[in-house]
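Note that the sequence shown covers residues 1 to 802 in full-length UniProt numbering.
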Amino acid sequence: MKHYNAHTIEARWQNIWAQSGVFEPLKDFSKPKKYILSMFPYPSGAIHMGHVRNYAIGDALARYYRQMGYNVLHPMGFDAFGMPAENAAIQYGIHPKQWTYENMSKMRIEFQALGFSFSKEREFATCDPHYTKIEQGFFIEMYKQGLVYQKEAWLNWCPKDKTVLANEQVVDGKCWRCDTPVVQKQMPQYYLKITQYAEELLEGLKTLEGHWPAQVLRMQENWIGKSQGLAFAFTLAPESAALLDSHAQIEVFTTRIDTIYGVTFIALAPGHPSVGVLLERDLLEPSIKQAIIEMQNTSARARSMEKKGVLLPLYALHPLSCERIPIYVANFVLESYGSGALMGVPAHDTRDHEFATLLNIPIKSVISQEGLLEHSHDYDGLTPAQAREKLSDWFEAQGLGQRITHYRLQDWGISRQRYWGALIPMVRCDHCGLVPEKHENLPILLPEDVNIDGEGNPLEKHPKFRACTCPTCNRPALRECDTMDTFFQSSWYFLRYATPKELWEKEAFDPQALDYWLGVDEYIGGVEHAILHLLYARFFTRVLRDLGYVRLDEPFTCLTTQGMVLKEGAKMSKSKGNVVSPQEILSKYGADIARLYIHFVAPPSKELDWNDKALEGGARFIKRFYEKSFLVLPCDHPPKLENLNAQEKQARAKVHTALQKCHAIFEKKQPGYPFNTLIAASMEALNALEKTSNPALWSEAYYILTHILEPIIPHVCSEIANRLFKCQNFKPQEVDKTALEQESIEIAITINGKKRASMVVAKDLDRDALLAQAKVEAHKWLENQEIRKEVVVPAKLVNFVI
């Protein structure tokens, strides 16, 4: 009997697969297809257990569907632009491009070592020039269609390093590198009009019900945030209007106009235009002015942590009662949401109540305990819904307001003031203004002779990069220095995979290939991408549809979100010292054991809490499965089985039950891909098989079990199947339903509730005979014991209470 050597077996099969090209998609579009895609990684240089879990799920699906005769596209690439490369350049003095491509090389080796069946011919990185060329072209077409615009926005600014910081680079209100207090600075930014597609994106969620996790659909729906209400304006009191001149009204939007009589304050965002006028004209007391400036210099995320506010020397008039309403600046009101102002009803809004309590603002209830309006004049006694209708009718009839549909979703700001990204292909000309680059000049690539020291955008200081010729008038002009948000690259990469590599330099997509492969049949990734990435990808697909590139609305037919990998109940992180490195597992155990463990400990959607004992258990199973295979007689195909005894029939039933479960799980007849139950069924089948000695039964069982387990532990299954059955390409296996029609069943025997033995008995054996046989099977636990109770659970177990 041979001993199991994971490293020898895995190296051999990884070499065979690499040379054979067996994982490449076929050009035969007449075959049924499956497009299985895992979210691609950032090339940080080492994959973590979260990556392994994600890719192991996708790889199992890809391998199963290849067995079933499908043409499978299972690609992998790299989301390669972004801040970490620049941070590495600052820290280690290495160019971002070199750091990125070296890390990709390391990760490819790890992918292969884990046996992932990715297409190598379809691999690319989002920083590859051919990819940049196409997406810069998309940007220009979007700009020409009015889907791209510029406006001023507040950004995190480090005054010492003279650079814009991402939210994650602001630590306790200070720059992550130099500890300088961060301020908010207004700068021109490029935006994509995702709000133009808000209603379509919301409606599209209905088509994904039952195919995407309900949690993800709910998160997307909330992010889009459709609400219907009334837009109207508060007129300023005369003395307040005199301070602001033309800014004589405060526009607001509310979904609860029924609470209009409960308004006791108005809150403005720190960056509201009226606040700006008061600051410019120096009409505020120094302490109030300082407080507002501090709010303006605090990021939106930090402002949400603790409510702050100051009273302005402004009052508005209530549109119905004409009462004077005080106006405050509140840090929780965002400039980007609605008009940057809200009516405060502290009695009926939790956030407003907290603010009013903090600043001692009166609280006025206008809805009784019975749920009817009170203290609301002509509207007393109405339900809130009735009042909303009547009040909205009145505001519209008076020309004071308008019913509108509002979305929480904001346009997508894509400008990034950093080097390592795809350049925005725009040019600023003194004569023509802002104009897009010519398509024939694409791609506009980053200059590589830059000094990245963390002080400002190195592109702005480059002696030659900015100077260019205006694409419209041929006069001297300046090139845009902003690069794109990396979400821009990840919003269409799944479309690019469908096009063969030989066309990448020539065109964006192969239309025939797109029609064949899309949508993605199964998309797998972490739930942390449930909102932005998935929303942007859905938006991008619709934009490219309207530009004539694709012919679908939704890119991802089905979605699986896997849970996090934890250790001792906490997310793995270097700072906590609880990281389990995939390299450690590969070195000690091998890829198949790592893959088996990932699938066995928890189903994909659940959190996986790392357990070394369970890893050892998986290792023992694979070793036993491999070494017992040397008891099997080689054959070309599964033999016919005749005249089986009860124990053999029971073992065969276990094998075909596992096969039946395999098909049910992979074809989603059981939700959530519970691979753990498939592995458990396979273990049960092997246990039952070991109680028999029929050579033909062992041959059939191993033929089926290697097929069942190949998607999960491909190396050892390929090794066994090739040795025993000359089988390198696994074929579909059909369940023999007659094997499941049992004349006999397996009964567990428990003593005081603890399993001690099992027995195979006739399905119709009566109770007395069942108990008698059970006592024989469990005699060593019952000897010299008093049996106080005998419990029989039909078709399942016998329990003796002693």
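We put the beta carbon where it would ideally sit given N, CA and C, even for glycine.
What you are looking at is a predicted structure, and each value in this text was computed from that prediction instead of being measured.
Original post:
Among V450, P84, L311, R388, which one has its Cα closest to the Cα of H261?
Top reply: Sequence index remark: in the sequence shown, residue 261 carries index 261 (1-based). The sequence given here places Tyr at residue 261; His does not occur at that position. Shortest Cα-Cα distance from Y261 to any of V450, P84, L311, R388 involves R388.
Subject >> Completely contained alpha helix (DSSP H) runs for the region 165-201, where each covers 4 or more residues >> reply: Whole alpha helix (DSSP H) segments, 4+ residues: zero.
Original post:
Mind checking G480: buried by the 16 CB within 10 Å criterion, or exposed?
Top reply: Numbered from its first residue, the sequence shown carries residue 480 at position 480. Sequence check: residue 480 is Glu here, not Gly. Per the 10 Å Cβ criterion, buried.
Original post:
Taking only runs of the alpha helix (DSSP H) that begin and end inside the region 720-744, which ones reach a length of at least 4 residues, in chain order?
Top reply: For the region 720-744, the full-length alpha helix (DSSP H) segments reaching 4 residues or more read 737-740 along the chain.
Subject >> Beta-carbon proximity check, L659 vs V565, cutoff 8 Å >> reply: To locate residue 659, count along the sequence shown from 1; it is residue 659. To locate residue 565, count along the sequence shown from 1; it is residue 565. At least 8 Å separates the beta-carbon of L659 from that of V565.
Subject >> Residue range of the beta strand (DSSP E) that includes F488 >> reply: Here residue 488 corresponds to residue number 488 of the sequence shown, with the count starting at 1. Following the DSSP letters along the chain, one finds F488 in no beta strand (DSSP E) but inside the alpha helix (DSSP H) bounded by residues 486-490.
Original post:
What are the start and end residues of the beta strand (DSSP E) that includes K226?
Top reply: Walking along the sequence shown from the start, residue 226 turns up at place 226. Following the DSSP letters along the chain, one finds K226 inside the beta strand (DSSP E) bounded by residues 226-236.
Original post:
How about E335 and G399: do their beta carbons lie closer than 8 Å?
Top reply: If you number the sequence shown from 1, residue 335 lands on position 335. If you number the sequence shown from 1, residue 399 lands on position 399. No. Outside cutoff.
Original post:
With DSSP run on the structure shown, which of helix, strand or coil describes I327?
Top reply: Here the question's residue 327 lines up with position 327 in the sequence shown. In the structure shown, I327 sits in a strand (DSSP, three-state: E or B).
Original post:
Taking Cβ to Cβ, would you say F332 is nearer than 8 Å to R303?
Top reply: Translated into positions along the sequence shown, residue 332 becomes position 332. Translated into positions along the sequence shown, residue 303 becomes position 303. Yes.
**OP:** Would you check if the distance between the CB atom of Y64 and the CB atom of F666 is smaller than 8 Å?
**Re:** Counting from 1 along the sequence shown, the entry for residue 64 is found at position 64. Counting from 1 along the sequence shown, the entry for residue 666 is found at position 666. Their beta carbons are under 8 Å apart, which means Y64 touches F666 by this criterion.
Subject >> DSSP three-state assignment for R466, whether helix, strand or coil >> reply: Walking along the sequence shown from the start, residue 466 turns up at place 466. The answer is coil: DSSP assigns R466 none of H, G, I, E or B.
Subject >> Reference F675; option with closest CA among L631, P511, V601, N687 >> reply: In the sequence shown, the residue the question calls residue 675 occupies position 675. When each option's Cα is compared against that of F675, the closest is V601.
Subject >> Same chain only: Cβ atoms within 8 Å of E460, ignoring 5 sequence neighbours per side >> reply: The residue labelled residue 460 in the question sits at position 460 within the sequence shown. R466, C481, listed in sequence order.
**OP:** Find out if the Cβ-Cβ distance for the pair S605, G526 is shorter than 8 Å.
**Re:** Taking the first residue of the sequence shown as 1, we reach residue 605 at position 605. Taking the first residue of the sequence shown as 1, we reach residue 526 at position 526. Not in contact: S605 and G526 (Cβ atoms no closer than 8 Å).
Subject >> Backbone secondary structure at D258 - three-state DSSP >> reply: Here residue 258 refers to the residue found at position 258 of the sequence shown. Three-state result, D258: helix.
Original post:
Relative to the C-alpha of Q290, which residue among E306, L312, P273, P463 is closest?
Top reply: In the sequence shown, residue 290 corresponds to position 290, counting from 1. The residue with the shortest Cα to Cα distance from Q290 is L312.
Subject >> Separation of P794 from D521, as counted between CA atoms >> reply: Looking up residue 521 in the sequence shown gives position 521. Looking up residue 794 in the sequence shown gives position 794. C-alpha separation (whole angstroms): 42 Å.
Original post:
What first and last residue would you give for the beta strand (DSSP E) that runs through E121?
Top reply: Reading the sequence shown from its first residue, position 121 is the one you call residue 121. Secondary structure note for E121: it is in no beta strand (DSSP E), with a DSSP letter that is neither H nor E.
**OP:** Determine the burial state of D393: buried for a count of at least 16 other Cβ atoms within 10 Å of its Cβ, exposed for fewer.
**Re:** Start at 1 with the first residue of the sequence shown, and residue 393 comes out as number 393. That one is exposed.
Original post:
Taking DSSP as the reference, what is the three-state secondary structure of H74?
Top reply: Here residue 74 refers to the residue found at position 74 of the sequence shown. Looking at H74 - three-state DSSP - the assignment turns out to be coil, as it is neither helix nor strand.
Original post:
To the nearest angstrom, how far is it from the Cα of S368 to the Cα of R351?
Top reply: For the purposes of this step, residue 368 is identified with residue 368 of the sequence shown, where counting begins at 1. For the purposes of this step, residue 351 is identified with residue 351 of the sequence shown, where counting begins at 1. The C-alpha of S368 lies about 20 Å from the C-alpha of R351.
Original post:
How do the region 196-211 and the region 549-558 stand: do at least 3 beta-carbon pairs fall below 8 Å, yes or no?
Top reply: The region 196-211, when compared against the region 549-558, does touch it at the 8 Å Cβ threshold.
**OP:** Any chance you could list the alpha helix (DSSP H) runs of at least 4 consecutive residues sitting entirely within the region 325-392, in chain order?
**Re:** If we require 4 residues or more, the alpha helix (DSSP H) runs fully inside the region 325-392 come out as 350-358.
Subject >> Contact check, E110 vs I47, beta carbons under 8 Å >> reply: Residue mapping note: residue 110 aligns to position 110 of the sequence shown, counting from 1. Residue mapping note: residue 47 aligns to position 47 of the sequence shown, counting from 1. If you check the CB distance, E110 and I47 come in under 8 Å.
Original post:
residue 813: buried (16+ other C-beta within 10 angstroms of its C-beta) or exposed?
Top reply: Outside the shown range of the chain, which is 1 to 802, sits residue 813, and nothing can be said about it.
**OP:** Since I believe P476 is in contact with K438 (beta carbons under 8 Å), could you give me their beta-carbon distance rounded to a whole number of angstroms?
**Re:** Working through the sequence shown from its first residue, we reach residue 438 at position 438. Working through the sequence shown from its first residue, we reach residue 476 at position 476. Contact doesn't hold; Cβ gap of about 16 Å is too wide.
Original post:
Does the Cβ-Cβ distance between V170 and L114 come in under 8 Å?
Top reply: For the purposes of this step, residue 170 is identified with residue 170 of the sequence shown, where counting begins at 1. For the purposes of this step, residue 114 is identified with residue 114 of the sequence shown, where counting begins at 1. Contact: no.
**OP:** Would you kindly report the start and end of the unbroken alpha helix (DSSP H) that includes L771?
**Re:** Along the sequence shown, read from residue 1 onward, the residue named residue 771 stands at position 771. From DSSP, the alpha helix (DSSP H) with L771 extends over 767-777.
Subject >> Backbone secondary structure at E110 - three-state DSSP >> reply: If you number the sequence shown from 1, residue 110 lands on position 110. The three-state secondary structure of E110, taken from DSSP, is helix.
Original post:
Between Y536 and F488, what straight-line distance do the alpha-carbon atoms span, to the nearest angstrom?
Top reply: On the sequence shown, residue 536 is found 536 positions in, with the first residue counted as 1. On the sequence shown, residue 488 is found 488 positions in, with the first residue counted as 1. Rounded to the nearest whole angstrom, the C-alpha separation of Y536 and F488 is 8 Å.
Original post:
Can we say the region 217-232 touches the region 528-535, given the rule of at least three CB pairs closer than 8 Å?
Top reply: Pairwise C-beta distances place the region 217-232 in contact with the region 528-535, as three or more of them are shorter than 8 Å.
Original post:
I think Q19 touches Q112, with their Cβ atoms under 8 Å apart; what is that distance to the nearest whole Å?
Top reply: As a working mapping, residue 19 is identified with position 19 in the sequence shown. As a working mapping, residue 112 is identified with position 112 in the sequence shown. Actually they do not touch by this definition, with Cβ atoms about 12 Å apart.
**OP:** Taking G330 as the reference, give the member of I712, M295, S299 with the closest Cα.
**Re:** By one-based count along the sequence shown, residue 330 stands at place 330. It should be noted that the sequence gives Ala, not Gly, for residue 330. Nearest C-alpha to A330: M295.
**OP:** Could you pull the start and end residues of the beta strand (DSSP E) that R756 belongs to?
**Re:** By one-based count along the sequence shown, residue 756 stands at place 756. Its beta strand (DSSP E) spans residues 754-762.
Original post:
Just curious, the beta strand (DSSP E) that E790 is in, first and last residue?
Top reply: Looking up residue 790 in the sequence shown gives position 790. Counting along the chain, the beta strand (DSSP E) containing E790 begins and ends at 789-793.
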